[in-house]
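Okay, so here's the structure we're looking at.
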Amino acid sequence: MGIGSRRAMATTPEAVAPTAIVKHSLVIAGHRTSISLEDAFWQALKAEAASRGASVAGLVAEIDAGRGEANLSSAIRVHLLRAATQRS
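Residue numbering for the sequence shown follows my numbering, starting at 355 and increasing by one per position.
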């Protein structure tokens, strides 16, 4: 399943600053949800999913399942930071 997005204050992808908040809608575990992250994190999330051969929704579902009490956007950011740190 693809993801829908609304880019903050931009009409083309090139115009979006890495710090701009972008909202995407995904289906996770059969439920549609919207997630707001900075564009830089969306790009990192897409790259991480591609490197695993997974969809963005599949990776987010995995993060969601293990996040405990943290909000989903924060859990995604922490996951991506840990993944980047492990690669370094």
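Beta carbons are placed, not taken as given, at the ideal position from N, Cα and C, and that holds for glycine.
| task | Just the C-alpha distance for phenylalanine 395 and glycine 384, rounded to the nearest angstrom, thanks. | result | Indexing the sequence shown from 1 puts residue 395 at position 41. Indexing the sequence shown from 1 puts residue 384 at position 30. Glycine 384 has its alpha-carbon roughly 23 Å from the corresponding atom of phenylalanine 395.
| task | Tell me where the alpha helix (DSSP H) around glutamate 416 begins and ends. | result | Reading the sequence shown from its first residue, position 62 is the one you call residue 416. Run containing glutamate 416: 410 to 419, per the alpha helix (DSSP H) assignment.
| task | In angstroms with no decimal places, state the Cα-to-Cα distance between valine 381 and threonine 387. | result | Against the sequence shown, residue 381 aligns to sequence position 27. Against the sequence shown, residue 387 aligns to sequence position 33. So the alpha carbons of these two residues sit roughly 6 Å apart.
| Would you call alanine 371 buried or exposed, if buried means 16 or more other Cβ atoms sit within 10 Å of its Cβ? | Reading the sequence shown from its first residue, position 17 is the one you call residue 371. Per the 10 Å Cβ criterion, exposed.
| field | Assigned secondary structure, methionine 355 (DSSP; H/G/I helix, E/B strand, else coil) | value | Reading the sequence shown from its first residue, position 1 is the one you call residue 355. Unreliable placement is indicated for methionine 355, whose pLDDT of 43 sits below 50; no coordinate value is reported for it.
| task | Please determine, among His378, Arg406 and Gly407, the residue with the shortest C-alpha to C-alpha distance to aspartate 393. | result | As a first step, residue 393 is located in the sequence shown; it is residue number 39 there, counting from the start. When each option's Cα is compared against that of aspartate 393, the closest is His378.
| query | So what does isoleucine 382 bridge to, in DSSP terms? | reply | By one-based count along the sequence shown, residue 382 stands at place 28. BP columns for isoleucine 382 point to His385.
| query | Taking lysine 400 as the reference, which of Glu423, Gln440, His433 and Ser442 has the closest Cα? | reply | Here residue 400 refers to the residue found at position 46 of the sequence shown. The candidate whose alpha carbon is nearest that of lysine 400 is His433.
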